[in-house]
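Beneath this line is the structure, given in structure tokens, with notes to follow.
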Amino acid sequence: MNSTIRSANWHITSKCNYKCQFCFAKEVRTDLRDHKMQEEILQTLCEIGIEKLNIVGGEPQMHPDFDRILKLSKDYGFTTTLQTNGSFLTEKNVPLMAKYLDWIGLSIDSGCEKTELQLGRGFGNHVQRVKKCCSWIHSTGLNLKINSTITSLNWDENMHGLIGELSPQRWKVFRMLILENANADAKYLCPTDDEFRTFVQKHLDLVLRNGDRPVFEDNEDMIGSYLMISPDGKIQTNINGRLEYLDFLHIINENKFNFMDIKKYFRRGGIYDWNV
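Residue numbering for the sequence shown follows UniProt numbering, starting at 1 and increasing by one per position.
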């Protein structure tokens, strides 16, 4: 029985309508459509003590069973979070999803539309789109998380103003991570050590709306520190610097969590007060 890990990321689909150059979810894997197996994954996660389930992609709203998976996740009692690019959020569906969600996470890396377009994030209007989505999220009372990936194109940007305007309860800042069998063709976007350090130092003083500080994750922090389920229902691991897939039920039933570094999980803030 897992006695330490309390959160998991379920990448329910690899499909996406964006072409983010740094993304490592580029390999198309078959979406799990078997309802019994979907429930089996949720039931098993519940049994091993997972409390927070992050529904991610790809773009998760492109999964044909997205609504069903979202509702089931809440029925199983998870604190539920959705990580999305925001392109399928609307003023109408955000309040409907709020019944089954505790958090919505939006990905934005820059306040400059040109930079986002160069990164493959959207179609030239991503920044304005995210701002609109944030207003809908705030109006429902849902918690908001912002994810930003730091690259060679945005490392020198000052995001105090943008984050202040978006007003999230949580801001996660990732250094672009290269996995050799996933996004090695985008190495040219990797920031240097000094560049990432400069971005971090520039934003250490930022205080979020709830008094929390940003969470910064360097590459080493991300390797082996996440419990991830792939679109086809396998354990997805990056502990060897590449994406690898393991049998979900075998790993869970045998309690073989050696694909994760538990110390890193805690050090990067894998557990926080998500029931706010």
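Beta carbons: idealized from backbone N, C-alpha and C, even for Gly. Because the structure is a prediction, the values reported are computed rather than measured.
Within the same chain, Leu153 come within 7 Å of glutamine 118 by CB-CB distance, once the 5 residues on both sides are set aside. Annotation: isoleucine 41 is outside any beta strand (DSSP E); the continuous alpha helix (DSSP H) that includes it extends over 35-47.
The three-state reading of DSSP puts valine 94 in helix, counting H, G and I together. As summarised for the region 166-207, the continuous alpha helix (DSSP H) elements at least 4 residues long and confined to that stretch are 193-203, given in chain order. According to DSSP, residue pairing for leucine 246 in a beta bridge involves Ile235. Look at phenylalanine 216 here: in three-state DSSP terms it is strand.
The C-beta of alanine 25 has 16 or more other C-beta atoms within 10 Å across all chains shown, which makes the residue buried.
Straight through space, the alpha carbons of proline 214 and lysine 172 are spaced by roughly 6 Å.
In terms of Cβ geometry, threonine 84 and leucine 106 form a close pair [threshold 8 Å].
Asn143 is the residue among Thr115, Leu42, Ser110, Asn143 whose C-alpha sits nearest the C-alpha of leucine 101. Looking at Gly58, Val94, Phe174, the one whose alpha-carbon comes closest to that of valine 28 is Gly58. Histidine 138 carries a helical assignment under DSSP once its states are collapsed to helix, strand and coil.
For isoleucine 262, the uninterrupted alpha helix (DSSP H) run begins and ends at 262-267, by DSSP. Of the residues assessed, valine 276 falls on the exposed side of the cut-off, its CB having fewer than 16 other CB atoms within 10 angstroms. Our two residues, glutamate 39 and isoleucine 235, have alpha carbons roughly 16 Å apart in a direct line. Membership of lysine 74 in any beta strand (DSSP E) is not indicated; the residue belongs instead to the alpha helix (DSSP H) covering 66-75.
Secondary structure of glycine 120 (DSSP, three-state): coil. Between the alpha carbons of asparagine 238 and threonine 13 lies a gap of roughly 18 Å.
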